Structures are given as C-alpha cells and as structure tokens.
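**Q**
2 protein chains.
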Amino acid sequence: MAKKKIETPATTEEKIKEAARKVFMRKGFSATRTRDIAEEAGINLALLNYYFRSKQRLFEEVMQEKIQKLLGTLVPIMNDAELTLEEKIEGIVSHYIDVLSANPDLPMFVLNELGKNNFSIVKNANLDKVISQSSFVKQLRERRNDLNPVHFIISIFGMIIFPFVARPMMFLTGMTNEKSFILLMNERKALVPVWAKAMLKAK
Amino acid sequence: MAKKKIETPATTEEKIKEAARKVFMRKGFSATRTRDIAEEAGINLALLNYYFRSKQRLFEEVMQEKIQKLLGTLVPIMNDAELTLEEKIEGIVSHYIDVLSANPDLPMFVLNELGKNNFSIVKNANLDKVISQSSFVKQLRERRNDLNPVHFIISIFGMIIFPFVARPMMFLTGMTNEKSFILLMNERKALVPVWAKAMLKAK
DNA sequence: GTCTATAAGGGGATAGAC
DNA sequence: GTCTATCCCCTTATAGAC
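Each protein sequence line maps, in turn, to chains A and B. With the working numbering, letter number 47 in the first sequence gets 47, and the count goes up by one each step, no holes. Count along the second sequence starting at 1, add 203, and that's the number in the working numbering.
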C-alpha cells in the first residue's frame with residue numbers, strides 16, 4: 001500500500017519551505033517574520049537566507065506552488081473531451097471541494113496576495129483564452145447561447161470557494177464550527193451540481 | 204437637492220481617518236505604514252498618534268466601520284415583514300451589488316482581516332441567532348423544509364460577493380477589466396435572483 | 001493643534017567562526 | 001551546512017518647541 005508522502009525526507013531546505021507554507025498561509029506575506037518561519041522550521045534564521053536568499057524569494061516559491069494548486073487543476077477538467085457539461089460541473093465541484101477542504105486557507109491566501117502584487121505566472125498563463133476556448137465553455141455556449149459564460153463560471157466558483165473565504169467569519173459569528181463546516185462542505189458536493197443544473201435551465 | 208456629503212468638512216481627524224480607510228483597505232493592516240497614512244492625509248506623522256494613540260486603534264476604528272458597512276445592512280432586509288422571500292432576495296442582491304460596486308475592496312479587506320484577528324464586534328453581534336430567527340430564514344424554511352438554510356445563504360452570498368473577492372485575479376488573467384466588470388455586476392442584479400429562484404425549486 | 005527631531009525596538013539580512 | 005553575533009534600515013511612537 002503506497003503512501004503519498006514518505007515519512008520525513010525533510011532536508012533542511014524542505015523543512016524551511018514547509019514552515020514557510022504554514023506561516024505565510026496563515027499570516028500572509030507582510031505579517032510574517034522570517035524569524036517565525038525559522039522557529040517553525042526548528043532552524044536558525046541565517047539558514048533561511050542561505051537557502052532562499054530573501055524573504056521575498058521564499059515567498060514567491062511558496063506562492064507559485066499555491067497558485068498552481070488553486071488554478072492548475074482547472075483546465076484539465078474543463079477540457080476533458082469525454083465528459084458532458086453536467087459531468088464536468090460535477091467533477092469541478094467535487095474536485096475543488098476536496099482540495100479546499102484539505103487546504104481551507106488556500107483561496108483567501110492566493111486571492112488576497114494576488115490583489116497586492118502582480119504575479120507573472122498568472123498573467124502569462126492566459127487563463128482567459130484557455131478557458132474561453134475550453135470544451136467546457138463550448139458546451140456551455142451550445143446549451144445557452146444567450147448567457148455570458150463568465151456569469152455562470154463566477155457563480156459556480158462563488159458557490160464552491162466563497163464558503164472557504166468566509167470561513168473565519170462563519171466561525172466568529174457562530175454560524176458554524178470546524179466540525180459542522182466539514183459536513184456542510186461534503187453536502188455541497190451533491191447540492192451545488194443540482195443547483196448548477198437548475199441555473200442552466202432557468203430563463 | 205441634497206447632497207450626501209458636504210464638500211470637505213475635513214477636520215484633521217477626519218482627514219487622517221479618510222486616509223487610513225484608503226490605505227488600510229488597499230494594503231491591509233500589516234503592510235500599511237503609518238507614514239503612508241500621514242502622507243496620504245497630507246499631515247505629519249505625529250498628528251496620527253496625537254489623534255488616535257496608535258496604529259492599532261486607528262485600524263480598529265476603520266475596521267469597525269467596514270464591518271458595519273458589510274454586515275450591518277443585512278439584517279434589516281432579512282427582517283422586512285412586508286417582503287416576500289423573492290422580494291427579499293432581490294433586495295439583498297441589488298443592495299449588496301450596489302454597495303460593493305462602490306467599495307470593491309471591502310469584502311476582501313474585511314474577510315481577510317477577520318481571519319487574522321478576533322473582532323469582538325462580530326462575535327457579540329450574535330449574527331447566527333439573528334439570522335436564523337429572521338423572517339427570511341422562516342420563509343425559507345416554509346418553502347423548503349428539506350434544505351439547510353445555511354447552504355442557500357452561503358450560495359447567494361457567494362454569487363454576490365465572490366466576484367469582488369476574485370476581481371484582482373480576473374483582472375490579472377484578463378477575464379475582465381475595470382469597465383466590463385462594472386457591466387457584469389449590473390447584469391448580475393437581474394441574473395442572480397433568477398438563479399436563486401431556480402435553486403429554490405430544484406430538487 | 002501642528003511641527004521637527006529623536007528615542008526605542010523590530011525585523012531582514014550578512015559576517016565569520018565552527 | 002549550520003550556528004552566534006551583529007549590522008542597519010525601517011517603523012512606531014513620543015518629547016518638546018512653536
């Protein structure tokens with residue numbers, strides 16, 4: 001039975017990066033001190049600069065990974081020629097709820113930092129063209145040529161991602177807690193596709 | 204013909220606060236330097252501490268306002284006894300899209316900072332109880348007793364708020380630009396209620 | 001109330017020993 | 001490769017003149 005991650009290869013470099021992922025994700029770039037990362041990694045501050053030259057460079061490596069994790073898996077599903085529109089929707093919803101449940105802070109982190117600095121990775125990916133030429137959007141246009149696909153896409157992703165962005169607020173207000181949040185997100189795997197299909201038919 | 208804001212009463216205190224709103228909203232608490240605020244306000248750094256004691260206190264005043272702006276107008280609409288469920292949905296959508304269009308950074312700012320620190324204003328508001336006892340939720344339960352209202356509420360707000368949270372990313376990817384974003388949001392005032400109604404009927 | 005000057009400390013980065 | 005000690009700039013906050 002194969003495991004996804006070996007026990008702890010944990011080179012020093014990887015220990016620092018892992019600590020950086022944790023601290024940056026929780027506090028964001030500005031509020032993070034390199035000293036926090038060093039402590040979390042159980043190493044000395046100097047080593048951080050030895051391996052990564054600067055806070056900025058370390059951050060960019062982490063950020064790149066996280067952008068990839070958030071956006072990189074989208075296009076393959078949208079272009080899977082085997083799947084109907086409904087199946088793609090189910091796939092996207094299910095996949096993203098799984099990914100985000102395992103990384104609840106991911107969307108807040110990426111979307112927030114993306115708003116503060118320009119990351120060329122995103123700009124150069126030409127996501128707009130890739131998406132608008134995707135099989136998903138073609139199927140969507142065939143089904144509803146009166147509907148701007150952007151509206152539909154934003155709405156589906158709003159239903160998927162927004163709960164995670166609003167999660168701290170939901171905890172604070174008592175609308176939910178850690179345990180029931182997980183249950184809610186699991187329920188949404190079935191619910192959101194049902195609603196998406198209803199939206200496709202609505203005039 | 205009455206104007207909403209008088210030209211510029213602009214006491215020094217208000218100039219500082221206005222500058223603080225601007226800078227904090229754009230950069231967040233940690234990345235904001237009091238020097239930035241002082242410069243933006245056209246005053247000296249010392250005056251900031253004279254009027255507000257510390258960066259933290261100034262931030263809390265701004266934050267309180269912003270939380271109020273984002274959450275404070277919700278409950279009145281949800282409890283308006285005159286309105287049907289459908290009318291409430293239309294009212295919420297239309298109201299929030301107007302507010303957020305005038306303050307596009309508001310949701311990212313509030314949700315992000317809320318995740319970093321605990322603001323007692325939010326905790327003490329008992330939003331969960333107020334909402335769950337609202338006329339809106341009662342009507343929702345009557346219509347669909349098989350549906351957890353939280354799912355519906357998250358989804359509607361996802362469709363309303365998520366575009367604003369994802370706005371920087373949408374600009375970066377070229378999915379939209381400042382001008383077409385405004386048009387999109389206006390279209391959504393009609394579209395989201397239509398979809399919400401379809402969701403209410405979907406089984 | 002508003003300014004200039006400065007104290008006090010935080011935080012990123014490096015020198016240099018081991 | 002890893003550590004300790006330190007540099008030095010940046011930032012918040014205050015003292016004190018006007």
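C-beta: ideal position from N, C-alpha, C; glycine also. Quick caveat: nothing in here was measured; it's all calculated off a predicted structure.
Count the other C-beta atoms from every protein chain shown that fall within 10 angstroms of the C-beta of A/Arg53, then say buried if there are 16 or more, exposed otherwise.
**A** On the first sequence, position 53 is the one that residue 53 of chain A refers to. With fewer than 16 Cβ atoms within 10 Å of its Cβ, A/Arg53 is classed as exposed.
**Q** Please check if any C-beta of chain B sits within less than 8 Å of the C-beta of A/Phe157.
**A** Taking the first residue of the first sequence as position 1, residue 157 of chain A is located at position 157. Yes, A/Phe157 counts as interfacial toward chain B.
**Q** Using a Cβ-Cβ distance under 8 Å, would A/Asp128 count as near chain B?
**A** In the first sequence, the residue the question calls residue 128 of chain A occupies position 128. For A/Asp128, the answer is yes, since a Cβ of chain B falls inside 8 Å of its Cβ.
**Q** If you count every other CB in all the chains shown that lies within 10 Å of the CB of B/Ala284, and 16 or more means buried, which is it?
**A** If you number the second sequence from 1, residue 284 of chain B lands on position 81. Answer is exposed; the Cβ neighbour count stays below 16.
**Q** Could you check whether A/Leu111 and B/Met372 sit closer than 8 Å to each other, using their CB atoms as the reference points?
**A** Here the question's residue 372 of chain B lines up with position 169 in the second sequence. Here the question's residue 111 of chain A lines up with position 111 in the first sequence. Their beta carbons are under 8 Å apart, which means B/Met372 touches A/Leu111 by this criterion.
**Q** Helix, strand or coil for B/Met311, going by three-state DSSP, please let me know.
**A** Translated into positions along the second sequence, residue 311 of chain B becomes position 108. Reduced to three states, the DSSP call for B/Met311 is helix.
**Q** Nearest CA to the CA of B/Arg391: which residue from B/Met402, B/Pro310, B/Ser297?
**A** As a working mapping, residue 391 of chain B is identified with position 188 in the second sequence. Of the listed residues, the one whose Cα sits closest to B/Arg391 is B/Ser297.
**Q** Measuring only between beta-carbons, confirm whether B/Asn321 sits less than 8 Å from chain A.
**A** Along the second sequence, one-based indexing puts residue 321 of chain B at 118. For B/Asn321, the answer is yes, since a Cβ of chain A falls inside 8 Å of its Cβ.
**Q** Go through its chain and collect everything with a Cβ distance to B/Val226's Cβ below 8 Å, but skip five positions before and after it.
**A** Residue numbering aside, residue 226 of chain B sits at position 23 when the second sequence is read from its first letter. Only Thr235, Asp239, Ile240, Glu243 meet the Cβ criterion.
**Q** Run through the stretch 73 to 160 of chain A for me and flag every whole alpha helix (DSSP H) of 4 or more residues, listed as ranges in chain order.
**A** Whole alpha helix (DSSP H) segments, 4+ residues: 74 to 78, 85 to 102, 106 to 116, 120 to 124, 127 to 132, 135 to 143.
**Q** Skipping 5 residues on each side, what residues in its chain have a beta carbon closer than 6 Å to that of A/Met25?
**A** For the purposes of this step, residue 25 of chain A is taken as the residue at position 25 of the first sequence. Counting only Cβ-Cβ distances below 6 Å, and skipping sequence neighbours, we find Asp105, Phe109.
**Q** Between the C-alpha atoms of B/Glu381 and B/Asn306, what's the straight-line distance to the nearest angstrom?
**A** If you number the second sequence from 1, residue 381 of chain B lands on position 178. If you number the second sequence from 1, residue 306 of chain B lands on position 103. Taking the straight line from one Cα to the other gives about 13 Å.
**Q** Please look up how many angstroms separate the CB atoms of B/Thr237 and B/Lys269, rounded, as I've assumed it's under 8 Å.
**A** Stepping through the second sequence from its first residue, residue 237 of chain B is reached at position 34. Stepping through the second sequence from its first residue, residue 269 of chain B is reached at position 66. Actually they do not touch by this definition, with Cβ atoms about 19 Å apart.
**Q** Pull up the CB-CB distance for B/Ile280 and B/Ile359, whole angstroms please, since I reckon it's below 8 Å.
**A** As a position in the second sequence, residue 280 of chain B is number 77, starting the count at 1. As a position in the second sequence, residue 359 of chain B is number 156, starting the count at 1. Between B/Ile359 and B/Ile280 the Cβ distance is about 12 Å, and since that is not below 8 Å, they are no contact.
**Q** Counting along the chain, where does the alpha helix (DSSP H) carrying B/Met372 start and finish?
**A** One-based indexing of the second sequence puts residue 372 of chain B at position 169. From DSSP, the alpha helix (DSSP H) with B/Met372 extends over 370 to 376.
**Q** Relative to the alpha-carbon of A/Trp204, which residue among B/Val397, B/Val395, B/Met402 has its alpha-carbon at the smallest distance?
**A** Only positions 1 to 203 of chain A appear in this structure, which leaves residue 204 of chain A out of reach.
**Q** Thinking B/Leu248 and B/Ile219 are a contact (beta carbons under 8 Å), I'd like their distance in whole angstroms, please.
**A** Translated into the one-based positions of the second sequence, residue 248 of chain B becomes position 45. Translated into the one-based positions of the second sequence, residue 219 of chain B becomes position 16. Contact doesn't hold; Cβ gap of about 10 Å is too wide.
**Q** Does A/Ala202 come out as helix, strand or coil in the three-state DSSP assignment?
**A** Mapped onto the first sequence, residue 202 of chain A falls at position 202. It is coil, neither helix nor strand.
**Q** By Cβ distance below 6 Å, which residues in the same chain neighbour B/Lys326 in space, the five residues on each side in sequence not counted?
**A** The residue you call residue 326 of chain B lines up with position 123 of the second sequence. If we look at B/Lys326 and ignore the five residues flanking it on each side, it has no Cβ neighbours.
**Q** With H, G and I counted as helix, E and B as strand and the rest as coil, what does DSSP make of A/Asn44?
**A** As a first step, residue 44 of chain A is located in the first sequence; it is residue number 44 there, counting from the start. Residue state, collapsed to three classes: coil.
**Q** Please determine, among A/Val99, A/Arg143, A/Arg141, A/Val137, the residue with the shortest C-alpha to C-alpha distance to A/Ile182.
**A** Translated into the one-based positions of the first sequence, residue 182 of chain A becomes position 182. Among A/Val99, A/Arg143, A/Arg141, A/Val137, the Cα nearest to that of A/Ile182 is on A/Val99.
**Q** Ordered along the chain, which non-local residues of its own chain (more than five positions away) have a Cβ less than 6 Å from that of A/Glu18?
**A** For the purposes of this step, residue 18 of chain A is taken as residue 18 along the first sequence, with counting starting at 1. If we look at A/Glu18 and ignore the five residues flanking it on each side, it has no Cβ neighbours.
**Q** Compute the Euclidean distance between the alpha carbons of A/Leu127 and A/Arg143, then round it to the nearest angstrom.
**A** As a working mapping, residue 127 of chain A is identified with position 127 in the first sequence. As a working mapping, residue 143 of chain A is identified with position 143 in the first sequence. Distance between the alpha carbons of A/Leu127 and A/Arg143 is about 22 Å.
**Q** Short of 8 Å in beta carbon distance, which residues of its chain neighbour B/Leu387, apart from the five on each side in sequence? Order them along the chain.
**A** In the second sequence, residue 387 of chain B corresponds to position 184, counting from 1. Once the five neighbours on either side are set aside, the close Cβ partners of B/Leu387 are Pro366, Thr379.
**Q** Excluding the five sequence neighbours on either side, which residues of its own chain have a C-beta within less than 7 Å of the C-beta of A/Gln64, listed in chain order?
**A** Translated into positions along the first sequence, residue 64 of chain A becomes position 64. Same-chain partners within the cutoff: Ile121.
**Q** Comparing alpha-carbon positions, which option in B/Asn389, B/Leu343, B/Gln342, B/Val278 lies nearest B/Ile334?
**A** Against the second sequence, residue 334 of chain B aligns to sequence position 131. Among B/Asn389, B/Leu343, B/Gln342, B/Val278, the Cα nearest to that of B/Ile334 belongs to B/Val278.
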